[in-house]
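Note that numbering that gives the first Met the number 0 gives residue 207 to position 208 of the sequence shown, counting from 1, and the numbers run on in steps of one.
The structure under discussion appears below in the form of structure tokens.
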Amino acid sequence: MKFMEFRHKDIYVKVHSSLIVTREVFEKEKKLRDELVYANVIDIDSRVQAVFAQFHSARKASDVYFMLMHAPGIGEKNYDKSSFSVRPAGKYKHQSQREDETLVSGVVVSERALQRQQDGYIIFAWDGKIEEKLFWAMDSYYETPLLREWTAYLMDMLIEDKRFVPLTVYDFDGNYSELVVYDLIANEDVLDEYVTRGLQNGKITLTEIEQEAI
């Protein structure tokens with residue numbers, strides 16, 4: 000478990016988190032920052048709601064960041080005291096539920112992971128089956144005609160061209176060992192090109208029935 004801490008002038012909020020997902024942002028191969036994609040939190044209700052409020056703040060993005068550090072147990076002394084920061088980017092949705100009389104749990108997730116945005120779509124595979132989730136995303140959000148058996152080829156092409164990028168999963172308690180998350184950065188033109196190229200070089204094929212359907 001980690002503390003997720005926010006400080007800004009007279010505002011100070013700290014909650015517990017067992018899972019966050021971040022997206023690395025580069026400029027000319029230089030890493031600029033880690034952007035927050037997803038976080039689960041748990042604490043008393045007022046703290047959870049205070050964290051949620053920071054994602055709707057009018058402050059400039061450069062002023063807003065969260066620090067992650069180990070949350071020591073009672074009596075724990077020898078622990079890793081390092082920390083790292085993540086920054087919000089874009090719009091988020093959040094939801095909470097009461098766990099008991101004291102604690103409330105919640106999740107914060109980027110809208111980029113809830114539906115396709117102009118600059119991409121983030122895909123979560125909680126069971127590790129990212130190829131299945133990729134096909135579902137392309138079939139649901141893209142107009143390019145696709146067949147399920149083409150998914151492996153398309154995924155290889157997307158990864159090779161850095162258009163299907165793995166994100167960083169911080170599983171602090173080891174409860175999400177199968178989770179993988181990818182950022183799909185491609186439009187219909189890219190998928191159309193891959194399909195055309197694959198049909199031409201024989202990497203993917205159509206049967207007569209499939210040809211008639213398409």
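Beta carbons are placed, not taken as given, at the ideal position from N, Cα and C, and that holds for glycine.
Quick caveat: nothing in here was measured; it's all calculated off a predicted structure.
Quick test of your reading: Ile121 and Leu67, contact by CB under 8 Å. State the CB separation rounded to the nearest angstrom. Translated into the one-based positions of the sequence shown, residue 121 becomes position 122. Translated into the one-based positions of the sequence shown, residue 67 becomes position 68. With a Cβ gap of about 19 Å, Ile121 and Leu67 do not count as contacting.
At what residue ranges does the region 16-102 contain a whole run of the beta strand (DSSP E), taking only runs of 3 or more? 29-43, 65-69, 82-85, 91-97
Just mark Glu110 as buried or exposed, buried being the case when its beta carbon has 16 or more other beta carbons within 10 Å. As a working note, residue 110 is residue 111 in the sequence shown. The C-beta of Glu110 has fewer than 16 other C-beta atoms within 10 Å across all chains shown, which makes the residue exposed.
Starting from Arg6 and walking both ways along the alpha helix (DSSP H), at which residues does that stretch end? For this step, residue 6 is matched to residue 7 along the sequence shown. Per DSSP, Arg6 belongs to no alpha helix (DSSP H); it is in the beta strand (DSSP E), 1-7.
What residue does the alpha helix (DSSP H) around Tyr193 start on, and which one ends it? Against the sequence shown, residue 193 aligns to sequence position 194. Under the DSSP assignment, Tyr193 falls in the alpha helix (DSSP H) whose first and last residues are 187-200.
If the criterion is Cβ atoms closer than 8 Å, does the pair Phe2 and Ala52 meet it? Numbered from its first residue, the sequence shown carries residue 2 at position 3. Numbered from its first residue, the sequence shown carries residue 52 at position 53. Not a contact, by the Cβ cut-off of 8 Å.
Can you tell me which of the three DSSP states Leu183 falls into? What you label residue 183 is simply residue 184 of the sequence shown in a count that begins at 1. Leu183 falls in the strand class under three-state DSSP.
Quick one: is Gly127 buried, meaning 16 or more other Cβ sit within 10 Å of its Cβ, or exposed? Numbered from its first residue, the sequence shown carries residue 127 at position 128. Gly127 comes out exposed.
Could you give the DSSP three-state label for Phe171: helix, strand or coil? Reading the sequence shown from its first residue, position 172 is the one you call residue 171. Coil at Phe171, not helix or strand.
Tell me the rounded alpha-carbon separation between Met0 and Asp172. Mapped onto the sequence shown, residue 0 falls at position 1. Mapped onto the sequence shown, residue 172 falls at position 173. Using only the alpha carbons, I get a separation of about 6 Å.
Where do the ends of the beta strand (DSSP E) carrying Ile122 lie? As a working mapping, residue 122 is identified with position 123 in the sequence shown. Counting along the chain, the unbroken beta strand (DSSP E) around Ile122 starts and ends at 120-124.
Rounded separation between Trp149 and Ile203 - CA only: By 1-based counting over the sequence shown, the position of residue 149 is 150. By 1-based counting over the sequence shown, the position of residue 203 is 204. In this model, Trp149 and Ile203 are separated by some 6 Å (Cα to Cα).
Might you give, ordered along the chain, the residues of its own chain that have their beta carbon closer than 6 Å to the beta carbon of Leu214, omitting 5 neighbours on each side? This structure leaves residue 214 out entirely; the chain is present only between 0 and 213.
Option nearest Trp125 by Cα separation, candidates Thr143, Glu177, Glu28: Mapped onto the sequence shown, residue 125 falls at position 126. Check the Cα spacing between Trp125 and each of Thr143, Glu177, Glu28: the tightest is with Glu177.
Glu100 to Gly72 span [Cα, whole Å]: Residue numbering aside, residue 100 sits at position 101 when the sequence shown is read from its first letter. Residue numbering aside, residue 72 sits at position 73 when the sequence shown is read from its first letter. If you take the alpha carbons of Glu100 and Gly72, they lie about 21 Å apart.
Counted within 10 angstroms of its Cβ, other Cβ atoms place Arg97 as buried (16 or more) or exposed: Within the sequence shown, residue 97 is the residue found at index 98, counting from 1. Flag for Arg97 reads exposed.
Taking the beta strand (DSSP E) that Pro165 falls in, what are its first and last residues? Reading the sequence shown from its first residue, position 166 is the one you call residue 165. Here the beta strand (DSSP E) through Pro165 covers 163-165.
Can you check which of these residues, Leu145, Val12, Ala38, is closest to Val221 by C-alpha distance? The displayed coordinates of the chain run from 0 to 213. Any statement about residue 221 would go beyond what the structure contains.
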